[in-house]
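There are 2 protein chains.
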Amino acid sequence: MPRTPDELRGLVEDYVAELALQPELGSLEAPIRHALSGGGKRVRPVLCLAAGEAVGGEPTHVLPAAAAVELVHSFSLVHDDLPALDNDTERRGRPSVWAAYGEASAILAGDALLSEAFRLALVYDMTAVARELMEATLAMIGGQQQDLEGGHDLAQLHRLKTGALFNASIMCGVWAAGLPVEEHTPWRAFAGELGLLFQVVDDILDGDGYVLEVGADGARHLADEAAVRAQTRLDALEADTSVLAEIVSGLVARTS
Amino acid sequence: MPRTPDELRGLVEDYVAELALQPELGSLEAPIRHALSGGGKRVRPVLCLAAGEAVGGEPTHVLPAAAAVELVHSFSLVHDDLPALDNDTERRGRPSVWAAYGEASAILAGDALLSEAFRLALVYDMTAVARELMEATLAMIGGQQQDLEGGHDLAQLHRLKTGALFNASIMCGVWAAGLPVEEHTPWRAFAGELGLLFQVVDDILDGDGYVLEVGADGARHLADEAAVRAQTRLDALEADTSVLAEIVSGLVARTS
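First to last, the sequence lines map onto chains A and B. With our numbering applied, the first sequence closes on residue 256, and no number is skipped along the way. With our numbering applied, the second sequence closes on residue 512, and no number is skipped along the way.
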């Protein structure tokens, strides 16, 4: 029996909580731990583990890749919250890293989270996991810059800021699990749908983004369509994708 | 005949000037190019190429690793100059990146430089180059945090802030050139001496650091000792290290 999403989330929580940081980081450990323990849903690393397990990878083996994805996500939140960017003093009901530890330490803690993410992605005997992650990271950074400038189209912005890392969550999982590259194409097709689905759902919950652009009913319709497409892509995979299907339905159910 | 330091510097300049950035970075290209074209001495990538050539690596093959080292150096300068850290409005006679492009773009440009550095380190068919670079990056970040806090010992601070990346410059070069790992030990010993030598020389030129701690004559003495140790390590290598010896003497000559 494949593990349930909650079981996978438990594995991620334990792994991230016990993650040994590079000792040279010294007192940056506190802001880094603050950023990593914020009670997020861990949806990206859970997707990574579920994809890895669907193609036969043991969670123990896929966990460094899953944690790497989560650390990249965390890096991006720490830097995006800074006064010069989104100027957010709170994140999930707690002080943001810069509000709690100061701007300088938040800049350095973000840098360290990104570097530690790459360190995790490099435990494998191949460069592919790290390369997937790095490409997604560059897309996210470019998306954040476009967001600062304003006036760009929402679909492209979401693809860069959210879609790229969802894509990498799935692909890092299947690389880490050792799926031969000839079998990656249908996985990449599924991965490409996930980012949009997550973003539309998020916009519906927050009442912004697509809701402002196409209205509440329009956004709801977009989410349903994206969920159907994701499910179709899942059905095309020759693997037990029941856990991934459960995660996709769980995403959609959040909005109803 | 191995290439001279100036020839190697020319190769680095051309490679960095023509470096194709990830297209998603969009308008971040301008602050990134600003950071990369500041007229630095390129001492780290030149050392990387010289070490690679000494063990038989073609510069064309070692250039991505050399550029990766330079991009990590550049990332660290862009973030260290920020108002929340060193608050420097100038760097090498030109506006620092944040002074020219604003804080938000400087934070993102630094993030992008670090990610592009890892992208370059991952063009090899092994994870070793990227792992060397990532460990040095984490040491530098930890060193910057210690510097903010003050009150730490200067030798350790220099080892983290400067030594680690000099070390990586040499080791990325020999990895990229394909030197078998059994032959790395004497190279690592040489690499370890370089960071201290560079830092003492820099302190003498700036009249700070070691000069404040042990006086001008004391610092001069430390530099001479470090140069002798570096030369001894070089002599122990079974390779044509004439170009590396020239770079080491060039460093010391800057102070006399």
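Backbone N, C-alpha and C define an ideal beta-carbon position, used for all residues, glycine too.
Residue range of the alpha helix (DSSP H) that includes residue i
| i | result |
| --- | --- |
| Asn167 of chain A | Ala164 to Ala176 |
| Val55 of chain A | That residue, Val55 of chain A, is in no alpha helix (DSSP H); it is neither H nor E in DSSP. |
| Glu132 of chain A | Ala128 to Glu149 |
| Gly260 of chain B | According to the sequence displayed, residue 260 of chain B carries Thr and not Gly. Note, Thr260 of chain B: premise wrong, no alpha helix (DSSP H); not H, not E. |
| His221 of chain A | Tyr210 to Asp235 |
| Asp203 of chain A | Thr185 to Asp206 |
| Val353 of chain B | Val353 to Tyr357 |
| Ala245 of chain A | Ser242 to Ala253 |
| His158 of chain A | Leu154 to His158 |
| Glu29 of chain A | Glu29 to Leu36 |
Proximity of residue i and residue j at Cβ, strictly below 8 Å
| i | j | result |
| --- | --- | --- |
| Ala168 of chain A | Ala136 of chain A | yes |
| Leu85 of chain A | Ala384 of chain B | no |
| Glu24 of chain A | Leu416 of chain B | yes |
| Gly465 of chain B | Leu507 of chain B | no |
| Gly266 of chain B | Gln146 of chain A | no |
| Gly40 of chain A | Arg94 of chain A | no |
| Ala420 of chain B | Met382 of chain B | no |
| Ala486 of chain B | Val504 of chain B | yes |
| Asp344 of chain B | Ser352 of chain B | yes |
| Pro45 of chain A | Val12 of chain A | yes |
| Leu376 of chain B | Ala291 of chain B | no |
| Ala245 of chain A | Glu193 of chain A | no |
| Trp187 of chain A | Leu237 of chain A | yes |
| Leu8 of chain A | Pro59 of chain A | yes |
Cut-off 6 Å between Cβ atoms - residues of its own chain near residue i, not counting five sequence neighbours on either side
| i | result |
| --- | --- |
| Tyr357 of chain B | Pro287 |
| Gly308 of chain B | Val318, Gly429, Ala432 and Ala433 |
| His335 of chain B | Gly366 |
| Ser498 of chain B | none |
| Glu29 of chain A | Leu21 |
| Tyr15 of chain A | Leu63 and Ala67 |
For residue j and residue i, believed in contact at Cβ under 8 Å, the rounded distance
| i | j | result |
| --- | --- | --- |
| Ala386 of chain B | Leu122 of chain A | 6 Å |
| Ala310 of chain B | Asp496 of chain B | 6 Å |
| Trp98 of chain A | Leu108 of chain A | Contact doesn't hold; Cβ gap of about 11 Å is too wide. |
Same chain, Cβ closer than 7 Å to residue i, neighbours up to 5 away in sequence not counted
| i | result |
| --- | --- |
| Val467 of chain B | Asp459, Ile460 and Ala475 |
| Arg510 of chain B | Val457 and Leu461 |
| Ala445 of chain B | Arg489 |
| Gly312 of chain B | Ala433 |
| Arg347 of chain B | Gly294, Leu333 and Asp337 |
| Gly143 of chain A | Leu157, Leu160 and Lys161 |
| Tyr124 of chain A | Ala176 |
Min CB distance residue i to chain E below 8 Å
| i | result |
| --- | --- |
| Met427 of chain B | Note that chain E does not occur in the displayed structure, where the protein chains are A and B. |
Own chain, CB closer than 8 Å to residue i, minus 5 neighbours either side, in chain order
| i | result |
| --- | --- |
| Leu114 of chain A | Leu71, Val72, Phe75 and Thr137 |
| Pro5 of chain A | Val46, Ala50, Val243, Glu246, Ile247 and Gly250 |
Looking at chain B, which residues of the segment 104-119 of chain A have a Cβ within less than 9 Å of any of its Cβ atoms? Ala104, Ser105, Ala106, Ile107, Leu108, Ala109, Gly110, Asp111, Ala112, Leu114, Ser115, Glu116, Phe118 and Arg119
Beta carbons nearer than 8 Å to chain A: which residues of the segment 388-407 of chain B have them? Met390, Glu391, Thr393, Leu394, Ala395, Ile397, Gly398, Gly399, Gln400, Gln401, Gln402, Leu404 and Glu405
Taking only beta carbons into account, state which residues of the segment 280-308 of chain B come closer than 8 Å to chain A, listed in chain order. Glu280, Leu281, Gly282, Ser283 and Leu284
What residues in the segment 319-338 of chain B bring their beta carbon closer than 7 Å to a beta carbon of chain A? His335 and Leu338
Output, in sequence order along the chain, the residues in the segment 475-509 of chain B whose CB is closer than 7 Å to any CB in chain A. none
Can you pull out the residues from the segment 263-280 of chain B whose beta carbon lies closer than 9 Å to at least one beta carbon of chain A? Leu277, Gln278, Pro279 and Glu280
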